[in-house]
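**Q** My structure is below; once you've seen it, I'll send some questions.
Residue numbers (this note's numbering): 1 to 126.
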């Protein structure tokens with residue numbers, strides 16, 4: 001199966017009500033330092049998975065570091081999202097939020113391996 005290594009706007013989690021529902025009580029989360037993923041079910045939509053990337057100003061004080069961390073998370077997800085998409089049932093939809101936990105910038109290879117780890121664990125636990 002050929003994989004689309006894209007991360008279009010349609011796959012971004014943007015609506016305030018969806019984000020609030022995702023972070024409300026009763027949602028599941030997994031951690032693999034420096035990342036945490038919060039998982040919530042979603043109504044059937046045009047795309048099977050919508051994703052939010054979050055880096056707190058409290059963790060990384062400089063905007064350059066926050067932007068780099070978000071860029072690393074987006075790239076790691078874009079290249080590895082097939083792990084999750086291949087395991088989804090037909091018509092199943094998820095909302096994910098990736099949250100940065102580290103208080104300093106980290107190497108891209110490390111972030112990539114932790115993203116793979118999280119996506120594999122997520123497919124196993126569903």
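We put the CB at the ideal spot given by N, CA and C, even for glycine. Since the structure is predicted, the reported quantities are computational estimates derived from the model, not experimental observations.
How would you label residue 107, buried or exposed, when you count the other beta carbons within 10 angstroms and need 16 or more for buried?
**A** Classification of residue 107: exposed, given that the 10 Å Cβ count is below 16.
**Q** Please report the straight-line C-alpha distance between residue 39 and residue 6, rounded to a whole angstrom.
**A** Cα-Cα distance, rounded: 21 Å.
**Q** May I ask which residues mark the beginning and end of the beta strand (DSSP E) holding residue 37?
**A** 35–41 is the span of the beta strand (DSSP E), which, as asked, contains residue 37.
**Q** I'd like the span of the alpha helix (DSSP H) that includes residue 76, first residue to last.
**A** Element bounds for residue 76: 63–80.
**Q** I'd like to check one pair, residue 69 with residue 55: are the Cβ atoms closer than 8 Å?
**A** Yes. Within cutoff.
**Q** Taking its Cβ as the centre, do 16 or more other Cβ atoms sit within 10 Å of residue 64, making it buried, or is it exposed?
**A** Exposed, since its Cβ has fewer than 16 Cβ neighbours within 10 Å.
**Q** For residue 105, which residues from the same chain have a beta carbon less than 8 Å from its beta carbon, with the 5 sequence-adjacent residues on both sides left out?
**A** So the qualifying residues of the chain are 60, 65, 68 and 69.
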